[in-house]
Structure formats: C-alpha cells, structure tokens
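In the numbering used here, the protein residues as written are 506 to 688.
No residue lacks a Cβ here, since even glycine has one placed at the ideal position from N, Cα and C.
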Amino acid sequence: MAKQAKKKKPTIEISKVTEIVGPDLNDLCDAAESAIEEGGGFGWLKPPTRQTLENFWRGALLVPGRAVFIGRLDGVIVGSAQLVQPTKNNEAQALSATLTTNFVAPWARGHGLARALTATVEDEARRDGYLVLNLDVRATQEAAISLYENAGYVRYAVHPHYARVGDEWVAGYYYYKDLQAAE
506 MAKQAKKKKP
516 TIEISKVTEI
526 VGPDLNDLCD
536 AAESAIEEGG
546 GFGWLKPPTR
556 QTLENFWRGA
566 LLVPGRAVFI
576 GRLDGVIVGS
586 AQLVQPTKNN
596 EAQALSATLT
606 TNFVAPWARG
616 HGLARALTAT
626 VEDEARRDGY
636 LVLNLDVRAT
646 QEAAISLYEN
656 AGYVRYAVHP
666 HYARVGDEWV
676 AGYYYYKDLQ
686 AAE
C-alpha cells in the first residue's frame with residue numbers, strides 16, 4: 506500500500522497594513538472583485554473599474570481613524586476587514602467602533618480567514634479601548650451572518666430597505682458585540 510502524500514495545510518496570515526502596493530494591491534483588487542461578483546461586495550453590486558478599486562484601497566489607508574487589515578492565504582492577499590473609529594465629535598459613542606468591509610474571496614474560503622480577520626479586528630478594538638464593536642450586513646450574506654452570530658454578535662435591528670439589488674429591496678441586519686463580555 507503506497508503512502509498517500511499529506512496535504513500541506515495552507516498558511517494563514519492576518520496583518521494590519523499602512524500601505525498596499527504592487528502585487529499586493531493587484532491581489533487585493535482581484536479578491537475584492539471575486540467577492541463582489543459572488544454577492545458580497547461591501548456595497549458594490551458589480552465590480553467597478555480596476556482604477557476605482559485601487560483608489561478605494563489607497564483611500565481607505567488615508568482616512569484618519571480607519572485601520573485596514575489584510576488576510577493572506579499562502580502569501581497571497583485574499584481578504585480584508587476594516588476597523589473604523591467613531592468621529593472625534595461623537596463623545597456619546599466614543600467607546601463604540603465599527604467593523605466594516607470584511608470579506609474573503611470565494612475561492613479562498615473555508616480556511617478560517619474570515620473568522621481570523623474578525624477576531625483580529627476585535628483584538629485591535631479592545632487594545633484601542635473600545636467596549637463595543639458594531640457592524641451591518643445584507644440579509645443575503647448567510648455565511649457572514651452565521652460567522653458573526655457564532656462569534657457572539659447580537660442582532661438588534663433589521664432594516665427592510667437596507668439595499669437595492671436589481672428591482673428588489675434586500676433587508677439588512679445590524680449587530681453589536683460587547684467586547685468586555687467576550688473576553
């Protein structure tokens with residue numbers, strides 16, 4: 506009986522970035538395009554032009570109070586998430602941050618990257634002193650909804666006209682996570 510070759514477990518890496526250039530920018534745009542085409546495009550319904558996507562990612566890195574995290578699978582960027590701080594004039598919500606633009610390219614799913622990106626953003630939010638993390642998601646994003654609910658996020662509202670997809674309204678779900686209770 507011949508020995509079967511063991512499959513090499515893919516390497517997963519999550520990191521906070523302050524710059525995305527060259528092949529990394531190309532990989533991130535490719536991953537975003539795949540996610541958008543699959544219906545999880547953080548607002549986009551169709552992939553925009555490559556220049557628009559590149560400008561989006563470059564711009565995200567320039568926004569004060571926004572941290573961009575990338576997920577790599579075997580060295581290739583395949584996903585991202587962002588942590589957004591409340592504005593400085595919002596004292597009443599100064600301890601609540603937002604998780605947004607969390608996605609993994611469809612072809613890279615199933616390795617725990619979305620879970621790792623979410624956990625990394627949560628850890629960063631805690632380190633930054635936030636007590637609550639908020640997010641919203643389209644009702645059609647079943648895998649994301651399952652991820653967030655299994656990670657302890659509490660759905661507190663449904664917006665029946667959250668997004669327009671074709672001729673139909675799609676509901677949106679709003680979640681929060683108490684970061685102190687989750688420790």
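Asked, Found
"Give me the Cβ distance between A597 and T623, rounded to the nearest whole Å; I'm assuming they're in contact under 8 Å.", "26 Å between Cβ atoms; not a contact."
"Comparing C-alpha positions only, which one of V626, R643 and N531 sits nearest to V637?", "V626"
"Determine the DSSP secondary structure at I541, reduced to helix, strand or coil.", "helix"
"Let me make sure I understand the geometry here. Which of I650, Q556, Y667 and R669 has the alpha-carbon closest to that of R660?", "I650"
"Specify, as a first and last residue, the run of the alpha helix (DSSP H) that Y653 falls within.", "E647 to N655"
"Look at the alpha carbon of Q556 and the alpha carbon of A572, and state the distance between them as a whole number of angstroms.", "21 Å"
"Out of K511, D628, V522 and V670, point me to the one whose CA is closest to A565's CA.", "V522"
"Mind pulling the beta strand (DSSP E) runs of 3 or more residues that sit fully within the stretch 568-601?", "571-578 and 581-589"
"In the structure shown, what three-state DSSP assignment does E524 receive?", "coil"
"Closest to D633 by C-alpha separation, out of T605, A613 and Q590, would be which residue?", "Q590"
"Could you say which of E538, K682 and I525 lies nearest to V609 if we only look at CA atoms?", "E538"
"What is the C-beta distance between L588 and R631, in whole angstroms, given that I count them as a contact (C-beta under 8 Å)?", "At roughly 11 Å, the Cβ-Cβ gap does not stay under 8 Å, so L588 and R631 are not in contact."
"Mapping the DSSP letters down to three states, classify L640 as helix, strand or coil.", "strand"
"If we call anything under 8 Å between Cβ atoms a contact, is G677 one with A686?", "no"
"Report the residue from L550, G527, A602 and D535 whose alpha carbon sits nearest the alpha carbon of D672.", "L550"
"Take D579 and list the residues in its own chain whose beta-carbon comes closer than 7 Å to its own, dropping the five residues that flank it on each side.", "P515 and T516"
"Quick check on N639: buried or exposed, where buried means 16 or more other Cβ atoms within 10 Å of its Cβ?", "buried"
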